[in-house]
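Right, one structure below, let's go through it.
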Amino acid sequence: MHEIQLHNTLSGKVEPLLPLKPGQVGMYTCGPTVYDYAHIGNYRTFVFQDILRRFLKWRGLKLNHVMNLTDVDDRIITNAAAAGVGIREYTEKYVQAFFADCKTLNIEAPEHWIRATDHINDMVALIQKLQQNTYTYPSEGSLYYRIAKFKDYGKLSKVDLSGIQAGARVDNDRYEKESARDFALWKAPKPGEHFWETPIGAGRPGWHIECSAMAMKYLGETLDIHTGGIDLAFPHHENEIAQSEAATGKPFVRYWLHAEHLLVEGEKMSKSLGNFFTLRDLFAKGYKPSALRFALASVPYRRQLNFTFDGLQQATSSVERLRNFAARLKSEKFPVGNQRGMAERIAQAANDYDAGLSDDLNTARALAAMFDFVREANIAMDKGEFRQGDVAAALEFLESFDKVFAVLQDTDGERLKELGFGSGEGGVDDAEIEKLVGERQAARARRDFAASDRIRKELADRGIILEDTKDGKVRWKRK
Ligand code: AMP
Ligand code: ZN
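For the sequence shown, position 142 matches number 142 in this note's numbering, and the numbering has no gaps at all.
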C-alpha cells in the first residue's frame, strides 16, 4: 500500500493525507444548488468526490462525509416566489432528479445528506458568534462580513487584496471578479419573497454561511477534507474560511480539494452554445450510465475534462472490455494449476493501480495499470497460458478495482428503466447495434464464447434478437 497523497489548494502542494484522528476522515462536499437539473459538468465534480470517498474507504479509512443540498439561494427564492410555491415545493423535483441521477451513476450516498432549509438556526447562531467577535456590520437590513478584519483573507484562492476598497459590499453570492468584497451573511427580505424571522432580524442566509454552519455542525470546527469544483474556491470557499475561522479561531479545513471543470468539445458548456447536457440528454441518445461514469472518472480530477462523444464511445468500449474480461475469468475453463509468473504479474498490477490512486487520485494511471493487465491476461488466455489457479487473484484485483470505479456490474438497463427510458433500451440505434454485432463476431472468431454470449445477452436485454445464418453471417432484428 502506498501513502495517500492529495493536492491541497491551500498549500498549492501535494501532501500526505494525515487525518486529525488517525483512521477517520471528516469530509464536506458542497452539493448542488437545486434550482434546475444538474448537468454533466456538475457530475464530473460529484463523480470525483465519489471516487475519492470510495478510495478512502477501500483503503480502510472510516469516513464521515457530509453533503448538502443548497436549497436556499437567491435564484431558488426568486423562482419559487414567481411560481407562487414554497421553497420545498419548488426544489423537490430537482432534488429527486439529483438523487436519481446519483443512483444511476453509482454515486454512493454520503453519511449525511442535509439541506440548508433545515439548518437556519445553526446559521443564525454562527452569525451571532461573528457579531460578538465584531466581524459584522449592518447595512440596509442586511448583515455583512468585514473582510479587512480577517488578516488571512485570500490564503486559499490567493486573491489579490491590494485593490480592495474599504466597505465595498456585494449582495450577490456568486460574484465573478477576482476582487474581494464584503459579502452578505444575512440578507434583508425582498418584497413577496420567502424570509425567516430570527433573533438577528427577518431575512435569509447568504450562501457562504450555509456551508460553514452545516460543515462545522456535523464535522466539528476543523474538517479533514473539503471538496468542490474549482469555481467554488473563490469566493465561496474563501468566504467559508473567513467566517469559520473568525468564529472559532481554529483552522477550518486541513485539505482543500478542487476539481477542474468539464468542457464540451473544448468549449465551456452553455445553453446558448447548444452544448449543454444533462444525464437524461445523453441517455436519450442511447449512451449508458456506466460509460458516462467511466468517462467522467477516467481523467484525473485536476485536469480539465474535455467531454466528447468520441470519448464517450471509447468509454463504452472500455467498460465492455472490462466486463468481458470479468465474464471470461468467471466462465472459461482454464488448465489446472498456476502459470509461472502470473501471481507476481497480478500483484504488480494491483500495486501499480494503488500507486496511481494514491498519487493524488491519478485515475488515468490506475486505469492504465488495469488495462495493461487485461490485455496481457487476454493474450495469455488465448495462448493457453492462463491457469485456473490464478483466477481467484485476478478476480480479487477486479473486485478491488470496482470498489472504486464501480462500472463492472451491469445495471445499466435497470437504471435506465427507472429513469423512464422505455424498457431500458435507451433509444439504442442501428449504429450501436451493428457495432456490438461486430464485436460479437470478433469474439467468436477468437473463440471467446464468454464474450460473444455476453454481447448476445446484452443485445437481447435491449430487445435485439440475433440470428446466425448458415454462411457465418449475423442478422439482427428488434423484438
Ligand atoms: P452548483 O449546483 O452550481 O452549486 O454546482 C455544483 C458543483 O458542480 C460545484 O462543485 C461546482 O463547482 C461544480 N461545477 C459546476 N460547473 C462545472 C463544470 N463545468 N465542470 C465541473 N464541475 C462543475
Ligand atoms: Zn458550499
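Virtual Cβ for every residue (Gly too), placed ideally from N, Cα, C.
May I ask you to report which of helix, strand or coil DSSP gives Ser244? Three-state result, Ser244: helix.
Grab the span of the beta strand (DSSP E) containing Leu262 for me, first residue to last. Run containing Leu262: Leu262 to Val264, per the beta strand (DSSP E) assignment.
Since Trp207 sits in a beta bridge, which residues does DSSP pair it with? In the DSSP output, where bridge partners are listed per residue, Trp207 has none listed.
Relative to the ligand ZN, is the shortest distance from any of its heavy atoms to the C-beta of Cys30 smaller than 6 Å? Taking 6 Å as the cut-off, the C-beta of Cys30 counts as close to a heavy atom of the ligand ZN.
Return the residue from the list Gln243, Ile433, Phe252 and Arg181 that minimises the CA-CA distance to Leu130. It is Gln243.
Taking one C-beta from the segment 6 to 21 and one from the segment 76 to 85 each time, how about it: are there three or more such pairs within less than 8 Å? No, the segment 6 to 21 is not in contact with the segment 76 to 85.
Which class does Pro19 belong to by DSSP, given the choice of helix, strand or coil? Of the three classes helix, strand and coil, the one that applies to Pro19 here is coil, per DSSP.
Return yes when at least one heavy atom of the ligand AMP lies under 6 Å from the C-beta of Asn42, else no. When distances are taken from the beta-carbon of Asn42 to the heavy atoms of the ligand AMP, the shortest one is below 6 Å.
Start-to-end residues for the alpha helix (DSSP H) that takes in Asp101: Bounds of the alpha helix (DSSP H) holding Asp101 are Ile87 to Thr104.
Inspect the beta-carbon positions of Ile114 and Val404 and report whether they are closer than 7 Å. Result no, Cβ atoms of Ile114 and Val404 do not sit closer than 7 Å.
Does the Cβ of Thr316 lie closer than 6 Å to at least one heavy atom of the ligand AMP? Because no heavy atom of the ligand AMP lies under 6 Å away, the Cβ of Thr316 does not count as near it: no.
Ignore the nearest five residues each way along the sequence and tell me which others in Phe334's own chain have a CB closer than 6 Å to its CB. So the qualifying residues of the chain are Phe386, Arg387 and Gln388.
Residues of its chain near Ile209, where Cβ-Cβ distance is below 8 Å and the 5 sequence neighbours each way are ignored: Around Ile209, the same chain offers Met123, Leu126, Ile127, Leu185, Trp186 and Gln243 as residues with beta carbons nearer than 8 Å, after the five sequence neighbours per side are excluded.
Roughly how many whole angstroms lie between the Cα atoms of Thr45 and Gly228? The straight-line gap from Cα to Cα measures roughly 7 Å.
To the nearest whole angstrom, what separates the beta carbons of Ala233 and Thr9, a pair I think is in contact under 8 Å? Confirmed, about 6 Å.
What distance in whole Å lies between the Cβ atoms of Asp173 and Ile147, which are believed to be in contact at a cut-off of 8 Å? Contact doesn't hold; Cβ gap of about 15 Å is too wide.
Asp410: CB within 6 Å of a non-hydrogen atom of the ligand AMP: Asp410 Cβ: outside cutoff for every heavy atom of the ligand AMP.
Quick one: grab the DSSP three-state call for Pro335. Note: Pro335 maps to coil in three-state DSSP.
Do you know how far the Cα of Lys470 is from the Cα of His258? The straight-line gap from Cα to Cα measures roughly 57 Å.
Backbone secondary structure at Arg115 - three-state DSSP: Correct three-state label for Arg115: strand.
What I want to know is whether the C-beta of Cys211 ends up closer than 6 Å to one or more non-hydrogen atoms of the ligand ZN. Yes, since a heavy atom of the ligand ZN falls inside the 6 Å radius drawn around the Cβ of Cys211.
Rounded C-alpha distance that separates Ile225 from Tyr255: Cα to Cα, Ile225 sits roughly 5 Å from Tyr255.
Residues that DSSP places opposite His7 in a beta bridge: The partner list for His7 (beta bridge, DSSP) reads Val14.
Under the criterion of a Cβ to heavy atom distance below 6 Å, does Gly311 qualify as lining the ligand AMP? Gly311 Cβ: outside cutoff for every heavy atom of the ligand AMP.
Output yes or no for whether 7 Å exceeds the beta carbon distance between Asp71 and Ala116. With respect to Ala116, Asp71 sits close: the two C-beta atoms are nearer than 7 Å.
For the alpha helix (DSSP H) holding Glu418, just list the boundary residues, first then last. Residues Asp412 to Glu418.
Skipping 5 residues on each side, what residues in its chain have a beta carbon closer than 6 Å to that of Leu398? So the qualifying residues of the chain are Ala326.
Under 8 Å by Cβ, that's how I've got Asn64 and Gly26 pegged, so tell me the actual separation to the nearest angstrom. Confirmed, Cβ separation roughly 5 Å.
I need the DSSP call for Gln314, collapsed to helix, strand or coil. Gln314 sits in a helix when the DSSP states are folded into three classes.
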